[in-house]
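Visitor:
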Amino acid sequence: MEEHRAWMKDLFHTGKYSDLDLISDTKQYKAHRSIVCSMSPVIDRSCEFNAAKLDRAEPQGNGSDHRTARASFNFGDADPEAVECLVQFLYLWDYEVVTAISSDAPDQDMLREDDDCSPVTDKATTLEARLLVLHAKVFTLAHMYDIPRLRELCIKKFKGVAQQQWKSSYFLDAAREAYTATPTDILEMRKAIVEIFYENRALLDESRVQAFLLGIPQLILDIALYINKPPMPFGDRGYKWI
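Structure (structure tokens):
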């Protein structure tokens, strides 16, 4: 197992034997179809479609087989840092933030410190809080590209940060991502958001949070239903997601 992990890590960092280019706004990854396409059926279908299109475009009998030729996949305007996390996961079954998340950007928590109950945070705390948004964006990509295990990991990482950073305005940004970037039947991240609100109901007394919630009626309904019928200590007979 350790040898396999070391081999996958080497492939990820070196791109040795690469036959697939994964492209984000800021980076191109030398990847491997056997690894990537086995993890993401969406990327697999895209590669197969593009190969078939090239086959149709060329004269018959020229000997070309585009299914074995080098392929490419572009993630479009997806957050490059979220793409980085996704690609890491395909090889390492985990992901870490490689660079500080927009460390030069204004600290939203500091900008809102005049709001009631808004915390004043140091830089380290702010960088950790911003991970809430990143995990939510990675979850969105995991749904888009049909990678269930990555979805599970995103939820685990998100909850770990949210337990400490629920007061941050970045928690609200993550909630917005969860409720606007994924379909209504993709519930894992939404459930994690609602559970944090339930466990920290003092948030609902803050004017900034109330103003935020008015823009996402479904989140208001989910919180209300969860508070009305929270999960039982044993079993799942409480609130059922709609």
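According to UniProt numbering, the sequence shown is numbered sequentially starting from 1.
Where is the CB? At the ideal position from N, CA and C, for every residue including glycine.
Just so it is clear, the structure is predicted and the values come from calculations on it, not from any experiment.
(1) At the level of alpha carbons, what is the spacing between residue 93 and residue 12?
(2) In terms of residues, what are the limits of the beta strand (DSSP E) holding residue 178?
(3) Counting C-beta neighbours from all protein chains within 10 Å, is the total for residue 7 16 or more, i.e. buried, or is it exposed?
(4) Counting C-beta neighbours from all protein chains within 10 Å, is the total for residue 86 16 or more, i.e. buried, or is it exposed?
(5) DSSP three-state label for residue 73, please.
(6) Please tell me whether residue 179 and residue 132 are closer than 8 Å, where the distance is taken between their beta carbons.
(7) Applying the criterion that 16 or more other CB atoms from any shown protein chain within 10 Å of the CB defines a buried residue, is residue 98 buried or exposed?
(8) Out of 163, 173, 227, 141, point me to the one whose CA is closest to residue 42's CA.
(9) How about residue 72 and residue 20: do their beta carbons lie closer than 8 Å?
(10) By Cβ distance below 7 Å, which residues in the same chain neighbour residue 33 in space, the five residues on each side in sequence not counted?
(11) Considering just the uninterrupted stretch of the beta strand (DSSP E) at residue 23, what are its terminal residues?
(12) Quick check on residue 118: does DSSP put it in helix, strand or coil?
(13) According to DSSP, what are the bridge partners of residue 30?
(14) Excluding five sequence neighbours on each side, which residues of the same chain lie with their C-beta closer than 7 Å to the C-beta of residue 90?
(15) Between which two residues does the alpha helix (DSSP H) carrying residue 159 extend?
(16) Using a Cβ-Cβ cutoff of less than 6 Å, which residues in the same chain neighbour residue 150 once the five nearest sequence positions on both sides are dropped?
(17) Does DSSP put residue 41 in a helix, a strand or coil?
(18) For residue 145, is the classification buried or exposed, using 16 other Cβ atoms within 10 angstroms of its Cβ as the cut-off for buried?
(19) Mind checking residue 189: buried by the 16 CB within 10 Å criterion, or exposed?
(20) Under a Cβ-count criterion, where at least 16 other Cβ atoms within 10 Å of its own Cβ denotes burial, should residue 207 be classed as buried or exposed?
(21) In chain order, what residues of the same chain have a beta carbon less than 8 Å from the beta carbon of residue 3, not counting five sequence neighbours either side?
(22) Nearest CA to the CA of residue 176: which residue from 15, 215, 23, 159?
(23) Per DSSP, what kind of secondary structure is residue 184 in: helix, strand or coil?
(24) For residue 222 and residue 209, I'd like the C-alpha separation in whole angstroms.
(25) Use the C-beta contact count for residue 82: other C-beta atoms within 10 angstroms, 16 or more gives buried, fewer gives exposed.
(26) Between 191, 186, 205, which lies nearest to residue 230 when the distance is taken from Cα to Cα?
Guide: In short, the structure shows the following:
(1) Here the question's residue 93 lines up with position 93 in the sequence shown. Here the question's residue 12 lines up with position 12 in the sequence shown. Distance between the alpha carbons of residue 93 and residue 12 is about 12 Å.
(2) By one-based count along the sequence shown, residue 178 stands at place 178. Careful: residue 178 lies outside any beta strand (DSSP E), inside the alpha helix (DSSP H) at 169-180.
(3) Numbered from 1 along the sequence shown, position 7 holds the residue referred to as residue 7. By the neighbour-count rule (16 or more Cβ atoms within 10 Å), residue 7 is not buried but exposed.
(4) Taking the first residue of the sequence shown as position 1, residue 86 is located at position 86. Label assigned to residue 86: buried.
(5) As a first step, residue 73 is located in the sequence shown; it is residue number 73 there, counting from the start. Strand.
(6) Taking the sequence shown and counting its residues from 1, the one referred to as residue 179 is at position 179. Taking the sequence shown and counting its residues from 1, the one referred to as residue 132 is at position 132. The answer is no: Cβ separation not under 8 Å.
(7) Numbered from its first residue, the sequence shown carries residue 98 at position 98. Result: exposed.
(8) For the purposes of this step, residue 42 is taken as the residue at position 42 of the sequence shown. Residue 141 is the option with its Cα nearest to residue 42.
(9) The sequence position of residue 72 within the sequence shown is 72, counting from 1. The sequence position of residue 20 within the sequence shown is 20, counting from 1. Contact flag set, yes.
(10) If you number the sequence shown from 1, residue 33 lands on position 33. Counting only Cβ-Cβ distances below 7 Å, and skipping sequence neighbours, we find 19, 20, 47, 71.
(11) In the sequence shown, the residue the question calls residue 23 occupies position 23. That run of the beta strand (DSSP E) goes 20-23.
(12) Within the sequence shown, numbered from 1, the residue matching residue 118 stands at position 118. Caution applies to residue 118, whose pLDDT of 49 falls short of 50 and renders its modelled position unreliable; the model cannot decide the point.
(13) The count along the sequence shown starts at 1 and reaches residue 30 at position 30. DSSP lists 21 as partners of residue 30.
(14) As a working note, residue 90 is residue 90 in the sequence shown. 35, 36, 39.
(15) By one-based count along the sequence shown, residue 159 stands at place 159. Element bounds for residue 159: 148-165.
(16) Along the sequence shown, read from residue 1 onward, the residue named residue 150 stands at position 150. Only 89, 142 meet the Cβ criterion.
(17) The count along the sequence shown starts at 1 and reaches residue 41 at position 41. In this structure, residue 41 counts as helix in the three-state DSSP scheme.
(18) For this step, residue 145 is matched to residue 145 along the sequence shown. It counts as buried.
(19) Taking the first residue of the sequence shown as position 1, residue 189 is located at position 189. It is buried - the Cβ of residue 189 has at least 16 other Cβ atoms within 10 Å.
(20) Position 207 of the sequence shown, counted from the start, is the residue given in the question as residue 207. The residue is exposed, with fewer than 16 neighbouring Cβ atoms inside 10 Å.
(21) Within the sequence shown, numbered from 1, the residue matching residue 3 stands at position 3. Excluding sequence neighbours, residue 3 sits near nothing in its chain.
(22) In the sequence shown, the residue the question calls residue 176 occupies position 176. Comparing Cα positions, the closest option is 215.
(23) As a position in the sequence shown, residue 184 is number 184, starting the count at 1. Here residue 184 sits in coil by DSSP.
(24) On the sequence shown, residue 222 is found 222 positions in, with the first residue counted as 1. On the sequence shown, residue 209 is found 209 positions in, with the first residue counted as 1. Going by the C-alpha atoms only, they are around 15 Å apart.
(25) If you number the sequence shown from 1, residue 82 lands on position 82. Result: buried.
(26) By 1-based counting over the sequence shown, the position of residue 230 is 230. Closest by alpha carbon: 191.
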